[in-house]
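This report concerns only the one structure given below.
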């Protein structure tokens, strides 16, 4: 499964920890080690970092990798895989879709139009009497 295609189809999934965990469980067939690595990166704010500074430069990737290594005691090559996997999930179009999904969640659903008040309506037979 291509993570990028799934996120593009469901951009709001990266805004919620439980949804993105479920997505990773599906993609990696419940490979807990990989899913946990990706979720640790989620916990350090990798999604926000990538959204703020896309395209992500090597310095930012290196800094994020270092945080994973130091904060979670992850082996260097696993941390690099984690950052690279997250980086492969994003492009400018997906970042825009995530922003749109976030705005839609903040605004909530569109309210239904209010019905026309009864005092503006005239009975049908009143219109016929005007002639």
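Numbering (the working numbering), first residue to last: 759 to 889.
Just so it is clear, CB atoms sit at the ideal spot from N, CA and C, and this is done for glycine as well.
Checklist entry - Looking at the structure shown, is residue 851 part of a helix, part of a strand, or coil, going by DSSP? => result Within the chain shown, numbered from 1, the residue matching residue 851 stands at position 93. In the structure shown, residue 851 adopts helical secondary structure according to DSSP, grouped into three states.
Next on the checklist: Looking only at its chain, what residues have a beta carbon closer than 8 Å to the beta carbon of residue 797, apart from the 5 residues adjacent to it on each side?
Outcome noted: As a working note, residue 797 is residue 39 in the chain shown. For residue 797, same chain residues with a beta-carbon under 8 Å away, outside a window of 5 residues either side, are 775, 778, 779 and 782 in chain order.
Next on the checklist: Can you tell me where the alpha helix (DSSP H) holding residue 807 begins and where it ends?
Outcome noted: Numbered from 1 along the chain shown, position 49 holds the residue referred to as residue 807. Looking at the DSSP string, the run of the alpha helix (DSSP H) that includes residue 807 is 804–810.
Checklist entry - Roughly how many whole angstroms lie between the Cα atoms of residue 864 and residue 770? => result Position 106 of the chain shown holds residue 864. Position 12 of the chain shown holds residue 770. If you take the alpha carbons of residue 864 and residue 770, they lie about 12 Å apart.
Checklist entry - Less than 8 Å separating the beta-carbons of residue 859 and residue 773? => result By 1-based counting over the chain shown, the position of residue 859 is 101. By 1-based counting over the chain shown, the position of residue 773 is 15. Yes, they are a contact pair.
Checklist entry - residue 805: buried (16+ other C-beta within 10 angstroms of its C-beta) or exposed? => result Here residue 805 corresponds to residue number 47 of the chain shown, with the count starting at 1. A buried status is given to residue 805, since no fewer than 16 other beta-carbon atoms sit within 10 Å of its beta-carbon.
Next on the checklist: Between which residues of its own chain and residue 855 is the CB-CB distance below 8 Å, once the five residues before and five after are set aside?
Outcome noted: Here residue 855 refers to the residue found at position 97 of the chain shown. Closer than 8 Å at Cβ, skipping near neighbours: 766 and 769.
Item to check | Same chain only: Cβ atoms within 6 Å of residue 802, ignoring 5 sequence neighbours per side | outcome: As a first step, residue 802 is located in the chain shown; it is residue number 44 there, counting from the start. The answer, listed in chain order, is 825.
Item to check | Test: residue 781 CB closer than 8 Å to a CB of chain D | outcome: No chain D is part of this structure, which consists of one protein chain only.
Checklist entry - Can you tell me whether DSSP reads residue 874 as helix, strand or coil? => result The residue labelled residue 874 in the question sits at position 116 within the chain shown. The answer is coil: DSSP assigns residue 874 none of H, G, I, E or B.
Next on the checklist: Check whether the stretch 832–848 and the stretch 804–824 are in contact - that is, three or more C-beta pairs closer than 8 Å.
Outcome noted: These segments touch.
Checklist entry - Run through DSSP, which three-state label would residue 860 get? => result In the chain shown, the residue the question calls residue 860 occupies position 102. Assignment of residue 860 by DSSP, reduced to helix, strand and coil, places it in the helix class.
Item to check | Start and end residues, alpha helix (DSSP H) containing residue 965 | outcome: Since the first residue shown for the chain is 759 and the last is 889, residue 965 is missing from the structure and cannot be characterised.
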